[in-house]
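In this note's numbering, the protein residues as written are 25 to 622.
Beta carbons are placed, not taken as given, at the ideal position from N, Cα and C, and that holds for glycine.
Since this is a predicted model, take the numbers as computed values, not measurements.
Let me begin by presenting the structure, written as structure tokens, before commenting on it.
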């Protein structure tokens with residue numbers, strides 16, 4: 025007979041919108057152990073498994089802290105209620121929590137007030153993906169009042185127990201409402217604040233009667249998906265165009281938007297590396313849904329993603345983004361890595377909206393192949409082994425030539441094709457291998473030069489270059505050359521960077537985000553963005569070294585606002601429950617302009 029030996033969930037914390045998939049260990053009739061499913065449609069030796077999910081109905085609904093979603097709220101900001109800010113953002117678990125988050129929280133009030141003053145209605149954010157996440161949270165149980173921190177509005181206060189880490193037993197007489205009869209279940213807003221119960225039992229196919237005991241598990245209370253601060257698209261000309269965006273986030277005809285984002289591969293998202301992040305927020309079932317909501321919420325025409333695990337690309341991102349109108353291209357790294365349970369590899373994925381672009385050509389760059397060619401041609405025989413050991417890092421680049429289905433050409437060039445070359449790469453991460461980083465960037469740029477020579481085409485270079493502003497790779501990208509006295513050139517054991525005068529390229533690339541520093545206008549949000557720039561390099565103060573660059577035949581129309589330490593809250597580092605990567609997404613809106621020849 026079939027018997028269930030064990031059931032458990034990867035995470036005890038259920039989150040709205042994140043599928044729960046229990047681990048079920050079975051003993052077959054032949055005494056072998058398996059984790060394979062045994063549905064009614066495919067029984068094992070006349071037995072199958074019956075699953076049910078329940079929500080406890082007698083529990084009082086509770087509010088969840090907007091900063092610490094694993095804590096029950098004890099305070100509510102009445103200013104948020106008055107300003108009609110989504111209710112889920114109004115709750116805090118303690119006065120200390122509210123005080124620490126005040127700078128970020130005040131920004132929500134200021135933005136809501138500004139929107140009402142200017143438009144007479146609430147401001148519609150370009151990226152307001154969690155605006156309805158609190159629809160299932162009730163105010164019941166929050167009563168009384170207390171003074172606020174600084175100039176903040178008044179709060180509701182109540183005494184409530186700390187959110188339980190796990191529920192181990194229940195009192196008798198409680199009513200459970202069945203919400204699903206499948207192995208998996210995705211919590212909804214109606215489940216917020218409630219405990220869920222999962223049941224699994226083996227059933228005889230003929231009699232349809234259960235055999236053996238019913239295996240159950242109880243979850244913690246369901247929490248809403250954490251709500252990060254919305255990020256607006258800021259026009260770089262200093263004019264507030266928020267009311268001029270069309271449904272796809274464009275400010276004018278003929279523009280297009282590009283997103284560059286290192287999403288943090290699951291095989292690198294370990295508790296050892298990110299001990300400060302709750303385990304449930306590091307789990308892939310949570311992170312994949314959170315990342316998808318964020319990426320889709322930007323409405324970008326082109327997506328350049330790095331650290332996309334190959335199985336996640338095939339099983340999740342490609343099919344899910346296809347539903348949103350994106351066509352996918354992918355290039356995985358050349359070596360698999362053992363992640364503890366299986367071998368995996370990640371790579372670069374480029375997506376583009378089928379209604380905006382069509383695919384013309386694809387180029388794949390494997391830096392390992394270039395390293396082998398370099399070693400064969402330029403490295404002495406005695407050094408070949410050590411040279412390959414240093415240069416073979418499995419990094420790749422994906423280059424796509426796209427044709428726009430929109431046009432801003434004038435009447436004098438009717439029918440002219442508007443092509444665009446988009447490069448997406450992830451450069452070696454090891455800090456001590458500065459020579460390898462620079463060599464990889466130089467190799468990519470020389471390849472792009474060949475494409476530029478063969479066609480008069482605008483070019484975008486997106487990716488994670490693992491290089492800080494002012495470094496040699498950054499100088500090569502943004503300035504077209506590396507100074508012969510640059511300190512990074514001191515690390516060159518293979519002499520592959522000498523002479524330094526060869527480290528040049530003819531692509532007139534400019535960092536998109538440097539537009540914030542270059543623009544002289546004054547507009548809503550523009551000055552704030554300038555304060556988040558490094559004045560010595562005209563680059564963002566931090567993005568965890570993610571960069572995207574543009575060619576001179578594209579103009580920057582607007583940029584996704586940058587985050588700062590206040591936006592990330594004092595007690596938060598990346599990744600976090602709100603932001604599911606250790607990098608920050610960058611997005612720019614571009615418009616093609618006629619190329620000039622000198």
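Exposed or buried, residue i, counting other C-beta atoms within 10 Å across all chains shown (16 or more means buried)?
i: residue 632; result: Summary: the structure shown does not reach residue 632, with the chain confined to residues 25 through 622, and so no result is reported for it.
i: residue 357; result: buried
i: residue 602; result: buried
i: residue 507; result: exposed
i: residue 633; result: Lying outside 25 to 622, the shown extent of the chain, residue 633 is not represented and no answer is given.
i: residue 132; result: buried
i: residue 391; result: buried
i: residue 157; result: Any reading at residue 157 needs caution, since the residue's pLDDT is 35, under 50, leaving its predicted position unreliable; the model's value is listed next. Buried.
i: residue 56; result: exposed
i: residue 313; result: buried
i: residue 45; result: exposed
i: residue 309; result: buried
i: residue 109; result: buried
i: residue 585; result: buried
i: residue 291; result: buried
Do you know whose CA, among the options, lies nearest residue i's CA?
i: residue 426; options: 411, 409, 445; result: 445
i: residue 372; options: 418, 409, 616; result: 418
i: residue 278; options: 254, 380, 288; result: 380
i: residue 531; options: 523, 516, 500; result: 500
i: residue 526; options: 513, 46, 535; result: 513
i: residue 535; options: 474, 471, 613; result: 613
i: residue 626; options: 88, 515, 511; result: Residue 626 lies beyond the range of the chain shown here (25 to 622); nothing can be said about it.
i: residue 316; options: 340, 66, 333; result: 340
i: residue 78; options: 210, 384, 423, 486; result: 210
i: residue 49; options: 62, 65, 42, 29; result: 29
i: residue 464; options: 520, 493, 428, 509; result: 520
i: residue 440; options: 450, 428, 451; result: 428
i: residue 7; options: 293, 213, 253; result: Since the displayed the chain opens at 25 and closes at 622, residue 7 lies outside it and no answer follows.
i: residue 113; options: 34, 227, 248; result: 248
i: residue 303; options: 27, 578, 579, 34; result: 34
i: residue 610; options: 287, 239, 93; result: 287
i: residue 489; options: 412, 455, 517, 349; result: 455
i: residue 334; options: 374, 282, 202; result: 374
i: residue 498; options: 458, 67, 229, 523; result: 458
i: residue 71; options: 42, 307, 25, 107; result: 25
i: residue 111; options: 250, 608, 255, 336; result: 250
i: residue 239; options: 529, 450, 466, 31; result: 31
i: residue 51; options: 42, 68, 41; result: 68
i: residue 237; options: 100, 246, 226; result: 226
i: residue 115; options: 107, 202, 98, 510; result: 98
Can residue i be considered in contact with the ligand MG, in the sense that its beta carbon sits closer than 7 Å to one or more heavy atoms?
i: residue 128; result: In terms of ligand content, the structure shown is empty, and the ligand MG therefore cannot be addressed.
Which residues does DSSP list as the beta-bridge partners of residue i?
i: residue 425; result: 385, 445
i: residue 18; result: No answer is possible for residue 18: it lies beyond the span of the chain, which begins at 25 and ends at 622.
i: residue 286; result: 330
i: residue 356; result: 371
i: residue 420; result: 390
i: residue 76; result: 223
i: residue 28; result: 50
i: residue 245; result: 219
i: residue 259; result: 582
i: residue 520; result: Looking at the DSSP assignment, residue 520 forms no beta bridge with any residue, so it has no partner.
i: residue 528; result: 505
i: residue 400; result: Answer is none; residue 400 lacks a bridge partner.
i: residue 350; result: 377
i: residue 202; result: 78
i: residue 58; result: 50
i: residue 71; result: 68, 228
i: residue 44; result: 209
Assuming residue i and residue j form a contact by the criterion Cβ under 8 Å, report the distance between their Cβ atoms to the nearest whole angstrom.
i: residue 244; j: residue 38; result: 7 Å
i: residue 223; j: residue 80; result: Not confirmed; about 13 Å, so no contact.
i: residue 393; j: residue 399; result: With a Cβ gap of about 11 Å, residue 393 and residue 399 do not count as contacting.
i: residue 424; j: residue 353; result: 6 Å
i: residue 492; j: residue 260; result: Not quite, the Cβ-Cβ distance comes to about 23 Å (not below 8 Å), so this is no contact.
i: residue 258; j: residue 583; result: 6 Å
i: residue 280; j: residue 325; result: 4 Å
i: residue 468; j: residue 421; result: 5 Å
i: residue 486; j: residue 284; result: 4 Å
i: residue 599; j: residue 293; result: 7 Å
i: residue 349; j: residue 377; result: 5 Å
Step through the CB atoms of chain B and report whether any lies within less than 8 Å of the CB of residue i.
i: residue 429; result: This model lacks chain B altogether; it includes just one protein chain.
- Counting only runs of 3+ residues fully inside the stretch 214-243, write out the beta strand (DSSP E) ranges in chain order. 219-228
- Query: Where are the beta strand (DSSP E) runs, 3 residues long or more, that stay fully inside the stretch 451-515, in chain order?
  - Reply: 483-488
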